[in-house]
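Notes follow the structure.
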Amino acid sequence: MDFTALREDFPLIAGRPDLVYLDSAATSQKPQRVLEALDRYYKELNANVHRGAYRLSVAATEAYEEARRRMARFLNAEEKEIVFVRNTTEALNLVAYAWGLRNLKEGDEVLVTEMEHHAGLVPWHLVAGLKGARIKAIPLTEEGRLDLSALDTLLTERVKVVSVVHMSNVLGTINPVAEIARKAKEVGALVVVDGAQSAPHLPVDVKALGADFFALSGHKMLGPTGAGVLFGRYEVLEGMMPFLGGGEMIREVHVDRSTYAPPPQRFEAGTPPIAEAIALGEAASYLMEVGMERVFAHDRALLEYAIDRLAEVPDLKVYGPRGEDRGGVIPFTLGRLHPHDLATFLDLEGIAVRAGHHCAQPLHRKLGLAATARASFYLYNTLEEVDRFVEALLRIHTRYRAWL
36 MDFTALREDF
46 PLIAGRPDLV
56 YLDSAATSQK
66 PQRVLEALDR
76 YYKELNANVH
86 RGAYRLSVAA
96 TEAYEEARRR
106 MARFLNAEEK
116 EIVFVRNTTE
126 ALNLVAYAWG
136 LRNLKEGDEV
146 LVTEMEHHAG
156 LVPWHLVAGL
166 KGARIKAIPL
176 TEEGRLDLSA
186 LDTLLTERVK
196 VVSVVHMSNV
206 LGTINPVAEI
216 ARKAKEVGAL
226 VVVDGAQSAP
236 HLPVDVKALG
246 ADFFALSGHK
256 MLGPTGAGVL
266 FGRYEVLEGM
276 MPFLGGGEMI
286 REVHVDRSTY
296 APPPQRFEAG
306 TPPIAEAIAL
316 GEAASYLMEV
326 GMERVFAHDR
336 ALLEYAIDRL
346 AEVPDLKVYG
356 PRGEDRGGVI
366 PFTLGRLHPH
376 DLATFLDLEG
386 IAVRAGHHCA
396 QPLHRKLGLA
406 ATARASFYLY
416 NTLEEVDRFV
426 EALLRIHTRY
436 RAWL
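Using the numbering used here, the first residue of the sequence shown is number 36, and each one after it goes up by one.
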């Protein structure tokens, strides 16, 4: 697979040779065919779905449901287990409120990890606060991996939910979700997986993972903003009440009561993100055609090359584990230079990286840091761009050595 040639599929990348875009963990660039799918809906299919008997509405509905079928293939799930949402955050809130609010009780525990994105923490804080449940966390090792030896103590019958990030958006750590899920099921706990970073970069099989829920954001996997997916094991979805109420998600409505449609429609109240879901389906097809094994191998090659080259930069520190259980994300600091200043200086060199706590304050607190700069790779990045990134850091080090 010639990944350099793939760059021509991405208008922003192909049209900006001056830019080295290393912020795909925040949002990815979009290939032309995804942009065309978005445009085509509004030009050729613009009608509401599931509600019209006329041909245009039927065609729009078919395109929307085809996107659901594509996402099911992408995750190795059933169509009826794919719920369209706006993003990972909405998906995780859906689980916390539609399942957690009705099933957790005082004294129950929700087990998370110290490397969770805030979207994997705050919804559980809100629901646990209402129900009197407690939040506990699997700790990290010095290398930036989960300390699984703590599971024997933490996983008791009080734990009703294990909510774990598949791949850390800061450290790049790929967690052994299948192993964690197996142990969680032994105590009867529900397994919720934040797949925002893993779904774009790794082959994902939700059945093999043992996930009851798996959440992803379309905009991180070459799709548009405003469309994401919650996979839910159908037996669990079927027993849940709705998250939002309104049109589309009902079976019958009376003045004083309602009954609800079966999943996934039960969780898709109102007009869904039709165009965005269709374009997300196109993004999934693009990735499946490239091959997720190839995408991951490319990320890994960039990661290993970058870590080796970054060792050439004095006063630079890279965080996260070394090994096969890490994706293409590199958090780093440069001496005493604030990460925000570092990101600004890199921007002046044409290098786009993220700076801040990356919605992971507990993790940064564990590292003893307020913030990091973060470079993240995807299938349109190249080894030459890694060289440009490292050379820019070397120039910055020379220029601002007195500040370090």
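Ideal Cβ positions, reconstructed from N, Cα and C, are used throughout, including at glycine. Only a predicted model underlies this, so the values are computations on that prediction, with no experimental measurement involved.
Asked                                                                                                                      : Found
Contact the stretch 175 to 182 vs the stretch 197 to 212: 3+ CB pairs below 8 Å                                            : yes
Phe380 - DSSP class collapsed to helix/strand/coil                                                                         : helix
Beta strand (DSSP E) segment containing Ile173, residue limits                                                             : Arg169 to Ile173
Which of helix, strand or coil DSSP assigns to Gly23                                                                       : No statement about residue 23 is possible, as the shown extent of the chain runs from 36 to 439 and does not include it.
Backbone secondary structure at Arg344 - three-state DSSP                                                                  : helix
Start-to-end residues for the alpha helix (DSSP H) that takes in Leu91                                                     : Arg90 to Leu110
Identified DSSP bridge partners for Lys352                                                                                 : Thr368
Buried versus exposed call for Leu201 [16 or more other C-beta atoms within 10 Å across all chains shown]                  : Looking at the sequence itself, residue 201 is His, so the reference to Leu does not match. Classification for His201: buried.
For Thr62, the three-state DSSP class (helix, strand or coil)                                                              : coil
Rounded C-alpha distance that separates Pro349 from Ala310                                                                 : 48 Å
Ranges of the beta strand (DSSP E) found wholly within the stretch 232 to 286, counting only runs of at least 3            : 248 to 252 and 263 to 267
Three-state secondary structure (DSSP) of Glu492                                                                           : Any question about residue 492 goes unanswered here, given that the chain covers just 36 to 439.
Within 8 Å, strictly: CB atoms of Leu402 and Ala390                                                                        : no
Simplified DSSP assignment, three categories, for Asp291                                                                   : coil
Between the CA atoms of Leu428 and Ala112 - distance to the nearest angstrom                                               : 43 Å
Between the CA atoms of Glu273 and Leu257 - distance to the nearest angstrom                                               : 30 Å
Cβ-Cβ separation, Val425 to Leu345 (assumed contact under 8 Å), whole Å                                                    : 6 Å
Thr188 classed as buried or exposed, judged by whether at least 16 other C-beta atoms fall within 10 angstroms             : exposed
Which residues DSSP lists as bridging Ser320, in chain order                                                               : Answer is none; Ser320 lacks a bridge partner.
Three-state secondary structure (DSSP) of Leu225                                                                           : strand
Environment of Arg286 [buried if 16+ CB atoms lie within 10 Å]                                                             : exposed
Asp229 burial status per 10 Å Cβ neighbour count (16 or more: buried)                                                      : buried
Three-state secondary structure assigned by DSSP to Val196                                                                 : strand
Pick from Pro397, Leu351 and His393 that is closest to Leu439, judged by C-alpha positions                                 : Leu351
Glu192 versus Ala172 - alpha carbon distance                                                                               : 15 Å
N- and C-terminal bounds of the beta strand (DSSP E) containing Ala49                                                      : Counting along the chain, Ala49 falls outside any beta strand (DSSP E), though it belongs to the alpha helix (DSSP H) covering Pro46 to Ala49.
7 Å Cβ shell around Gly281 - same chain, five flanking residues per side excluded                                          : Ala304 and Gly305
Nearest-angstrom Cα separation, counted from Arg400 out to Pro174                                                          : 12 Å
Cross-strand partners of Asn119 (DSSP beta bridge)                                                                         : Correcting the residue type first, residue 119 is Phe in the shown sequence and not Asn. According to DSSP, Phe119 bridges with Val264.
Inter-residue Cα distance where the pair is Cys394 and Ala163                                                              : 20 Å
Inter-residue Cα distance where the pair is Asp360 and Phe331                                                              : 11 Å
Inter-residue CB distance, Leu129 and Val239 (contact presumed, cutoff 8 Å)                                                : About 19 Å separates the two Cβ atoms, so there is no contact after all.
Residue environment, Tyr206, which counts as buried when at least 16 other CB atoms sit within 10 Å                        : Per the sequence shown, residue 206 should be read as Leu rather than Tyr. The residue in question, Leu206, is buried, as its Cβ has 16 or more Cβ neighbours within 10 Å.
Residues near Arg430 in its chain [Cβ-Cβ closer than 8 Å; skip 5 each side]                                                : Glu384
Cut-off 8 Å between Cβ atoms - residues of its own chain near Ser320, not counting five sequence neighbours on either side : Arg105
Cβ shell of Glu125 (< 7 Å), same chain only, five flanking positions each side left out                                    : Gly263
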